[in-house]
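Asks:
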Amino acid sequence: MTSLPLETLITGTLIPYGGNRAVAVSDALAAAFQPGDHLLVVQESGALLRIPAAQKALAAAAVDRAVAAFAALGTMPDAAITAFFAGFAARLGDDGVWHAIADANARDVDAARSAGRSTTRLAVSAKMRADMIAGLQVWRAAEGGRERVLARIAHAGWTIEQVTAPLGVVGFVFEGRPNVFADAAGVLRSGNTAVLRIGSDALGTAQAIVRHALAPALAEAGLPAGALGLIESAERAAGWALFSDRRVALAVARGSGAAVAQLGSVARQAGVAVSLHGTGGAWIVADVGADAARFGAAVRHSLDRKVCNTLNVCCIVRARADELVGVFCDSLAAAGAARGHGCKLHVVGDAPLPAAWRERRVRVRRADGDHEEALVDTLAEDQLGREWEWEETPEVSLVIVEDLDHAAALFNRYSPQFCASLISDDGAVQRRFFAGVNAPFVGDGFTRWVDGQYALGQPELGLSNWENGRLLARGAVLTGEGVFTVRCRVVQGDVELRR
91 MTSLPLETLI TGTLIPYGGN RAVAVSDALA AAFQPGDHLL VVQESGALLR
141 IPAAQKALAA AAVDRAVAAF AALGTMPDAA ITAFFAGFAA RLGDDGVWHA
191 IADANARDVD AARSAGRSTT RLAVSAKMRA DMIAGLQVWR AAEGGRERVL
241 ARIAHAGWTI EQVTAPLGVV GFVFEGRPNV FADAAGVLRS GNTAVLRIGS
291 DALGTAQAIV RHALAPALAE AGLPAGALGL IESAERAAGW ALFSDRRVAL
341 AVARGSGAAV AQLGSVARQA GVAVSLHGTG GAWIVADVGA DAARFGAAVR
391 HSLDRKVCNT LNVCCIVRAR ADELVGVFCD SLAAAGAARG HGCKLHVVGD
441 APLPAAWRER RVRVRRADGD HEEALVDTLA EDQLGREWEW EETPEVSLVI
491 VEDLDHAAAL FNRYSPQFCA SLISDDGAVQ RRFFAGVNAP FVGDGFTRWV
541 DGQYALGQPE LGLSNWENGR LLARGAVLTG EGVFTVRCRV VQGDVELRR
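Quick note: the sequence shown uses our numbering, first residue 91, plus one each step.
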């Protein structure tokens, strides 16, 4: 078979994918494609992704540096890694450094707002700064994660140990959230290196963090510059190039569901292991035995801000609907009032809502500005999986269910299989719910506890749903400490040992 370089694309050429389907090359793709560019065919969707030669080179150079840094890191003491975390945290705590980062972030926020894009996770704040510093301090204080003995099996004349070892280079593509830098840095504690590509909205902020805090901390600790590298590109193609590089040991993606799914497909096609953190949205179920006050508090405290673990769908059993729908509405309204922008409700089927709710119109704040809308909209059942990406106006779906089994069935069918909470004081019912819902995170109160640093005391690289299946041998909270492989080491005492 003759293999030739792909230098041109012709409009209308059929490109096979998925084994028995084909997609045609568009006029725009054919015109844009240049010699040296790469073409990725996403086998799951048929998407044709063009990676310009320059973006391929940027990603390859970053991985080159990370591979070299990984080899060097293996000979360095844990004390050097500890010093890096201390130095990174200290620089973020320096007001002059933070001022430079905040200035860059203000420019990013202004540009995103002008483009009508969300800034709720982009804008830095005093709390974000404190959380980043706290996360780095956690890693500074953590024990070295290299060569932990997981098990020791003694045999006659010899002993075998199962020992943790670094995985290698972690490729990290994430949305415009500057605080993720501190989370991603955790991979160094277990001896890994990382290449990061941040969403275009936050690129200026990321460059400022690297320039003023991260790079100086690496240098001062004596760690190689490539240990934590940023691909300085606003192009999505840089992420595709990174995830298609087979030298990457683990590809971690955080962002919108569609973008993360596509990145995951690119990595899997290259044979790269993935950890995907895309579609979120938590569910709360109020059962027959639900305490009304506990239910109201759970709803209210699950809507303080929009992140992946925010309440997205509420199920109330029909036998308690007349009472608890009012409690739900009061809590939703209270959450909106706390943010100063009202609320928005989507209802599947019938629900005994207060009459005034059906008639009211409200001002809803979205990424592109304020809109006047009906307070209540109807929603088709098959849209229960839609995650409401609200800005300042809490937005939730409500469905009345016949019983607990009905709620669990809806969750398993339509949700991203991420987070579910059951309000019930009956232990047996809680156990049945835990067994029946296909979710890695299950609780009995508010949903916002689903967070690595908040719940486990470790900054997270991301949270995985089970939309694409359960995870092999690890939890759905991925932290820097969890990025490892296992080696076997034998000590042979009996020189005559044989089989």
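Every residue, glycine too, gets a C-beta built ideally from N, C-alpha and C.
1) Among the residues of its own chain, which have a CB less than 7 Å from the CB of F531, if the five just before and after it don't count?
2) Using alpha carbons as the reference points, say which of Q543, W229 and G126 lies closest to E170.
3) Have a look at T283 and A161 and give me their C-alpha separation to the nearest angstrom.
4) Contact check, D394 vs A425 under 8 Å by CB: the rounded distance?
5) Roughly how many whole angstroms lie between the Cα atoms of R111 and N502?
6) Starting from the C-beta of W248, find all residues in its chain whose C-beta is less than 7 Å away, skip the five residues before and the five after it, and write them out in chain order.
7) Taking one C-beta from the segment 376 to 386 and one from the segment 359 to 368 each time, how about it: are there three or more such pairs within less than 8 Å?
8) Quick check: what's the CA-CA separation for A497 versus L414?
9) Between D601 and G386, how many whole angstroms is the CB-CB distance? I'm expecting something under 8 Å.
10) Label H189 either buried or exposed according to how many other C-beta atoms from any shown protein chain fall within 10 Å of its C-beta, with 16 as the threshold for buried.
11) Is the beta carbon of H436 sitting closer than 8 Å to the one on D467?
12) Compare the C-alpha of R589 against each of L546, H245, W447 and R181 and name the closest.
13) Relative to the alpha-carbon of E265, which residue among H128, S346 and A327 has its alpha-carbon at the smallest distance?
14) Reducing DSSP to helix, strand and coil, say where L104 ends up.
15) Assuming T101 and A120 form a contact by the criterion Cβ under 8 Å, report the distance between their Cβ atoms to the nearest whole angstrom.
16) List the endpoints of the continuous beta strand (DSSP E) containing W248.
17) Given this structure, state the Cα-to-Cα distance separating R207 from M218, to the nearest angstrom.
18) Tell me whether P585 sits in a helix, a strand or coil according to DSSP, three-state version.
19) Residues in the same chain with beta-carbon distance under 7 Å from A307, minus the five sequence neighbours each way, listed in chain order, please.
20) Rounded to whole angstroms, what's the CA-CA distance from G109 to V199? Just pull it up for me.
21) Taking just the CA atoms, how far does G126 sit from S334?
22) Could you check whether Q133 and S355 sit closer than 8 Å to each other, using their CB atoms as the reference points?
23) For D185 and A158, what's the separation of their Cα atoms in angstroms?
24) Is it the case that the Cβ atoms of C578 and Q252 are separated by a distance below 8 Å?
Replies: Taking the geometry as given:
1) F508, C509, V540 and A566
2) Here residue 170 is Ala; the residue named in the question, Glu, does not match the sequence. Ranking Q543, W229 and G126 by Cα distance to A170 puts W229 first.
3) Looking at the two C-alpha atoms, the distance is approximately 10 Å.
4) The C-beta distance from D394 to A425 rounds to 7 Å, short enough to fall under 8 Å.
5) 30 Å
6) V580, V581, Q582, G583, D584 and L587
7) no
8) 15 Å
9) Not covered by the structure: residue 601. The range shown for the chain is 91 to 589.
10) exposed
11) yes
12) H245
13) S346
14) strand
15) 4 Å
16) Going by DSSP, W248 is part of the beta strand (DSSP E) stretching over W248 to P256.
17) 20 Å
18) Reading off the sequence shown, one finds Val at residue 585, where the question assumed Pro. It is coil, neither helix nor strand.
19) F174, G177, F178 and R181
20) 44 Å
21) 16 Å
22) yes
23) 33 Å
24) yes
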